[in-house]
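Okay, structure first, notes after.
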Amino acid sequence: MLSRVAESIYWLSRYVERAENLARFIDVTLNLILDEPVGSRPQWEPLINATGDEEIFAEHYGVANQENAIRFLAFDQDYPSSILACLAKARENARTVREAISSEAWEQLNEAYHFVRDSANAPLMASPSEFFRVIRQHSHLFNGILDGTMSHNEGWHFADLGRRLERADKTSRILDVKYFTLLPTVQDVGTTIDDLQWSEVLRAVGGFEMYRKRYHAITIHRVVEFLILDQDFPRAARFCIDRANESLHRISDSPTGSYSNLAEQLLGRLRADLAYADVDSIIDNGVHEFVDHFQSRLNDVGNAIHDTFFATRPVDAQQRQFQTQS
Numbered sequence: 138m139l140s141r142v143a144e145s146i147y148w149l150s151r152y153v154e155r156a157e158n159l160a161r162f163i164d165v166t167l168n169l170i171l172d173e174p175v176g177s178r179p180q181w182e183p184l185i186n187a188t189g190d191e192e193i194f195a196e197h198y199g200v201a202n203q204e205n206a207i208r209f210l211a212f213d214q215d216y217p218s219s220i221l222a223c224l225a226k227a228r229e230n231a232r233t234v235r236e237a238i239s240s241e242a243w244e245q246l247n248e249a250y251h252f253v254r255d256s257a258n259a260p261l262m263a264s265p266s267e268f269f270r271v272i273r274q275h276s277h278l279f280n281g282i283l284d285g286t287m288s289h290n291e292g293w294h295f296a297d298l299g300r301r302l303e304r305a306d307k308t309s310r311i312l313d314v315k316y317f318t319l320l321p322t323v324q325d326v327g328t329t330i331d332d333l334q335w336s337e338v339l340r341a342v343g344g345f346e347m348y349r350k351r352y353h354a355i356t357i358h359r360v361v362e363f364l365i366l367d368q369d370f371p372r373a374a375r376f377c378i379d380r381a382n383e384s385l386h387r388i389s390d391s392p393t394g395s396y397s398n399l400a401e402q403l404l405g406r407l408r409a410d411l412a413y414a415d416v417d418s419i420i421d422n423g424v425h426e427f428v429d430h431f432q433s434r435l436n437d438v439g440n441a442i443h444d445t446f447f448a449t450r451p452v453d454a455q456q457r458q459f460q461t462q463s
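The sequence shown begins at 138 in our numbering and counts up by one.
Next up, the structure:
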């Protein structure tokens with residue numbers, strides 16, 4: 138497969154996943170605001186801060202209220218990580234490789250893009266939660282169609298690799314938002330407010346019901362264990378890394394447990410560290426510090442994937458400069 142085609146498939150999958158997860162982040166914030174007591178601190182500023190682009194937001198929007206936050210995160214075409222911008226880039230990548238994906242997948246992605254674009258030109262929706270639910274549904278349909286109509290060959294594994302890495306990153310981010318920025322005060326730990334926020338975080342990743350079937354009561358240790366270390370929940374970091382590792386080895390055609398390139402080596406180490414991690418150590422050493430290090434290692438894996446498969450010519454491992462579409 139041409140590196141250009143592989144890169145486009147990899148990134149279109151990442152962008153669709155990124156758009157879905159941003160819709161999840163916004164929706165969970167809406168639900169938190171509806172359920173919290175009157176007078177609680179608004180949660181829009183922590184959400185903006187979680188993107189790392191609070192300076193861009195402040196320059197163009199100023200006050201972090203609901204309307205400004207949704208306009209910025211969902212519809213701002215000049216903000217490269219907005220839902221609309223992500224779907225536009227996913228659509229453009231898909232357009233350049235239409236011969237490599239099914240027509241059904243293209244049509245679904247095109248429909249999702251036009252839905253968000255048309256919504257951007259309308260007054261702010263009366264039911265924002267419904268809007269973000271439809272975005273999630275479009276993403277689920279796209280992934281289901283891609284999985285059901287595209288041969289599970291090298292191209293599909295690049296799509297799955299991008300999807301899993303993006304999902305692992307975003308699950309860790311929403312956990313970090315809750316643990317590091319959302320909780321108002323230390324005194325709220327263990328209170329109804331705390332339980333409510335953890336419940337909404339689980340709902341944000343579609344894991345509330347599966348968590349309750351396994352653990353019942355909500356505790357910090359169990360939520361962290363479920364979102365980071367669970368081997369069966371499809372949005373848990375460990376599950377995503379395991380599946381990404383499988384796809385990477387299918388692409389390289391090298392045996393699992395060995396490595397033939399830097400990307401496999403780095404991803405294999407990350408997978409092994411998650412397999413042997415324990416939740417007590419994660420919490421004792423700091424959830425934020427763990428997540429920050431995890432995201433840094435994901436970036437290193439992304440760099441190595443770029444250098445190994447997408448760079449025009451090999452790049453010295455000591456002098457790599459990551460070039461992405463993000």
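We put the beta carbon where it would ideally sit given N, CA and C, even for glycine. Note that this is a predicted model, so its numbers are computed, not measured.
Which of the three DSSP states, helix, strand or coil, is assigned to residue i?
i	result
T393	strand
I220	helix
R235	coil
R151	helix
P265	helix
T356	coil
V342	coil
A296	helix
E157	helix
Q432	helix
R387	helix
Would you give the residue range spanned by the alpha helix (DSSP H) that residue i belongs to?
i	result
Y352	F345 to Y352
I193	E191 to H197
L139	Counting along the chain, L139 falls outside any alpha helix (DSSP H), and DSSP gives it neither H nor E.
T188	W181 to T188
S288	Neither: S288 is in no alpha helix (DSSP H) and is coded neither H nor E.
N247	S240 to A257
L364	Where L364 is concerned, there is no enclosing alpha helix (DSSP H), given that its DSSP letter is neither H nor E.
G423	Neither: G423 is in no alpha helix (DSSP H) and is coded neither H nor E.
N202	Neither: N202 is in no alpha helix (DSSP H) and is coded neither H nor E.
Q402	L399 to A412
So, residue i versus residue j, is the Cβ gap smaller than 9 Å?
i	j	result
E236	T286	no
A305	A381	yes
V424	L339	no
L385	L298	yes
T308	C377	yes
D156	I272	Note that residue 156 is Ala in the sequence shown here, rather than Asp. Yes, these two residues count as a Cβ contact at 9 Å.
E244	H275	no
V165	E346	no
A206	L184	yes
F363	G343	no
Could you tell me whether the Cβ of residue i comes closer than 9 Å to any Cβ of chain C?
i	result
G285	In the structure shown, chain C cannot be found, because there is only a single protein chain.
Residues in the same chain with beta-carbon distance under 7 Å from residue i, minus the five sequence neighbours each way, listed in chain order, please.
i	result
W293	M287
A414	L366
S395	none
For residue i, which residues of its own chain have a beta-carbon under 6 Å away from its beta-carbon, when the five flanking residues on both sides are left out?
i	result
P451	Only weak support exists for where P451 lies, its pLDDT of 44 falling under 50; the value from the coordinates is given anyway. None.
V323	With a pLDDT of 47 at V323, under the threshold of 50, the modelled position of this residue cannot be trusted; read the value that follows with caution. No residues qualify anywhere along the chain.
Cutting at 8 Å between CB atoms, please list the residues of its own chain near residue i, excluding the five before and the five after it.
i	result
Q368	R375, F376 and D379
D213	H197, S219, L221 and A222
E291	M138, A143, R387 and I388
Open item on the list: I want to know whether the region 349-359 touches the region 250-257 - three or more CB-CB distances under 8 Å.
Closed with: no
- [ ] Determine contact between the region 351-371 and the region 268-283, defined as no fewer than three beta-carbon pairs at a distance below 8 Å.
- [x] no
- [ ] Answer yes if the region 145-158 comes into contact with the region 223-234, meaning at least three C-beta pairs across the two stretches below 8 Å, and no otherwise.
- [x] yes
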